Amino acid sequence: MNFNPKILGFLCNWCSYAGADLAGVSRIQYSPNIRIVRVMCSGRVDPIFIAEALSRNIDGVLILGCHPGDCHYISGNFEAEIKMKMLSKLLEIIGFSERLRLDWVSAAEGNRFAQIVNEFNEHIKNLGPNPIKNKKLKNKLSFDFDAIKSVLKDSRLRILVGRERKIINEGNAYNETITLEKFEQILDDAIHNEFERHKILQIISQNGKSVPEISKEVQIAPNNVLSHIVSLRQKGLVDLHEVNEEIPTFISIKEGK
Ligand code: FES
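Positions in the sequence shown are counted from 1; adding 1194 to them yields this note's numbering.
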C-alpha cells in the first residue's frame, strides 16, 4: 500500500519557521506530506491541539522550536518540552506516543529541518496509518481521546507539570526537595490515575452506573474503579445517583455545581 502520511508541523516563528523557509529558498528537498502551522513559540502549542489532530486522523505531529537557550521568549521551548513530555506519557497509554516528536531547528538550519521532516515522515510510514482510521478501533480510540482531552483541559495535571522545576529545585510546600526520578514516578501515577478517572467521568456523564457496570465498560478492575469514585466524590466531581436493590449508582456532576 502506498501510504503518504498526513503530518502536521507546528513551527515557531523565530527559528524553525525561518529554517523551513531557508530549506525552501535553498531548494532543499523535503517530504511534501507535512502541513505547517506557524506559531510564535513552541511553548504556544497546547497539548490539546495535538490530541485533537491525532483524534482527527492526522498520522503524526511534529513540533519544532528554537534550540534550548535560544527561545525568543526565554523559556518557551523549555515549557514545550515539559508539556510534550506529559502528553507523550498520556499518548503512550493508548499507543500513540510514537506519533509525536519535538525537536529544535534554528533559522540557519535548512538542511536540518529537511532531515527531521524526512526522518519523521519515514518513521510514520513505518508505523502505518493512524489506527483511528480503522473502523473497528474508531469508537474505542475516540473514547480514549475524549478522555485524554478531558484530562488536558483539567487544571490538576497542568499544575503538577507546571511545578516540576520548582518542586525539583526548590522543594515542595514542606521544603522537601524531590529527585527528578521521584517526580517522574509521581507524574506517571498522576497521569495514569487522571486518565482512568476521566474515562469514568465520561461513562457516567449522562446516566448513573454502578461500580461493576463502570468496571465492565472501562475495563478497569472494580476495586480501582471504587477508589477512583471515592477520590472523585471527594473532589466534588461525582455524586451518588441512586441505590437500586442495595447497589449504589454514581453520576458525574459538573465542577463548581
Ligand atoms: S520562540 Fe522559538 S521556541 Fe520560543
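All C-beta atoms, glycine included, are put in the ideal place defined by N, C-alpha and C.
The structure displayed is predicted, hence computed values, not measured ones.
### Task
Per DSSP, which residues does residue 1208 bridge with? Please list them.
BP columns for residue 1208 are empty, so no partner.
### Message
Buried or exposed, going by whether 16 or more other CB atoms sit within 10 Å of the CB of residue 1419?
### Response
buried
### Message
For the alpha helix (DSSP H) containing residue 1338, name the first residue and the last one.
### Response
1329 to 1347
### Inter-residue spacing [alpha-carbon to alpha-carbon] between residue 1255 and residue 1374
27 Å
#### Entry: Where residue 1354 falls: helix, strand or coil (DSSP)
helix
### Task
Compute the distance between the beta-carbons of residue 1307 and residue 1213, then report whether it is under 8 Å.
yes
### Query
Does the Cβ of residue 1330 have 16 or more other Cβ atoms within 10 Å, making it buried, or fewer, making it exposed?
exposed
#### Entry: Secondary structure of residue 1311, DSSP reduced to three states
helix
### Task
Return yes when at least one heavy atom of the ligand FES lies under 7 Å from the C-beta of residue 1270, else no.
yes
### Query
Can you find a heavy atom of the ligand FES that lies under 7 Å from the Cβ of residue 1213?
no
### Query
Where does the unbroken alpha helix (DSSP H) through residue 1426 begin, and where does it stop?
1416 to 1428
### Query
What residue range is occupied by the uninterrupted beta strand (DSSP E) comprising residue 1445?
1441 to 1446
#### Entry: Nearest-angstrom beta carbon gap, residue 1209 and residue 1301 [assumed within contact, 8 Å]
5 Å
### Query
Cα-Cα, which of 1429, 1346, 1401 and 1430 is closest to residue 1442?
1401
### Task
List the whole-angstrom C-beta distance separating residue 1412 from residue 1429, where the pair is believed to meet the contact cut-off of C-beta under 8 Å.
Residue 1412 to residue 1429, Cβ: 18 Å. No contact.
### Beta-carbon proximity list for residue 1405, same chain, < 7 Å, skipping 5 on both sides
1416, 1419, 1420 and 1423
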